[in-house]
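Residue numbers (my numbering): 22 to 171. Virtual Cβ for every residue (Gly too), placed ideally from N, Cα, C. This structure is a prediction, so every number in the text was calculated from the model and none was measured. Input: a single structure, listed below in structure tokens.
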């Protein structure tokens, strides 16, 4: 009788462990929009010799919408702004000298992220323009984070 009870208890443990794995998988796939964005940005940035600087900017944009934010940077260092959307949409970034309006960026789009490089001596106050591009959704949540070269 004990053998049967032990076998039953082991079966229950295996079933619960399987349920835990299934719940863990469901939880991982049910990330919030900001969590998806954070994962995409941090995955890309982890491949670069950079460290985060400040808080991530987050917002919602309609299809073909535009937003902007201003950041202060150390003009003696190289910076990169990395952005992503919560869905399969893409954002375009443009870096502009906030004082005279001149275009100061060199950027590129990659799968799941877009980045713009801010070269040293370009400016100390930079406006980042975020434009929703290639999006089939009515609105999309976007995030952008500033990093500085190590």
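- Best match in 62, 86 and 57 for proximity to residue 167 [C-alpha to C-alpha]: 62
- Message: Between which two residues does the alpha helix (DSSP H) holding residue 215 run?
- Response: Absent from the structure is residue 215, since the part of the chain shown begins at 22 and ends at 171.
- Query: Does the pairing of the stretch 127–143 with the stretch 77–84 give three or more beta-carbon distances under 8 angstroms?
  - Reply: No: the two stretches stay apart, fewer than three of their Cβ pairs being nearer than 8 angstroms.
- Query: Does the beta-carbon of residue 114 have 16 or more other beta-carbons within 10 angstroms, so that it is buried, or is it exposed?
  - Reply: When all chains shown are included, residue 114 counts as buried.
- Query: Tell me, which residues are paired with residue 77 by DSSP?
  - Reply: Note: residue 77 sits in no beta bridge, so no partner.
- Query: In whole angstroms, what separates the C-alpha of residue 98 from that of residue 116?
  - Reply: 15 angstroms
- Message: On the criterion of 16 or more Cβ atoms from any shown chain inside 10 Å, does residue 102 qualify as buried, or is it exposed?
- Response: With 16 or more other CB atoms across the displayed protein chains lying within 10 angstroms of its CB, residue 102 is buried.
- Message: Using a 10 Å radius around the Cβ and a threshold of 16 neighbouring Cβ atoms, would you call residue 67 buried or exposed?
- Response: exposed
- Query: What residues are listed by DSSP as bridge partners for residue 130?
  - Reply: 135
- Which one of 143, 74, 56 and 104 has the shortest CA to CA distance from residue 152? 104
- Message: Applying the 10 Å Cβ sphere with the 16-neighbour rule, what's the burial state of residue 157?
- Response: exposed
- Item | Residue from 92, 162 and 69 whose Cα sits closest to the Cα of residue 171 | 69
- Message: Taking the beta carbon of residue 53 as the centre, do at least 16 other beta carbons fall within 10 Å, making it buried, or is it exposed?
- Response: Within a 10 Å sphere around the beta-carbon of residue 53 sit fewer than 16 other beta-carbons, which makes this residue exposed.
- Query: Are the Cβ atoms of residue 146 and residue 93 separated by less than 7 angstroms?
  - Reply: yes
- Look at the alpha carbon of residue 55 and the alpha carbon of residue 163, and state the distance between them as a whole number of angstroms. Roughly 8 angstroms separates the two Cα atoms.
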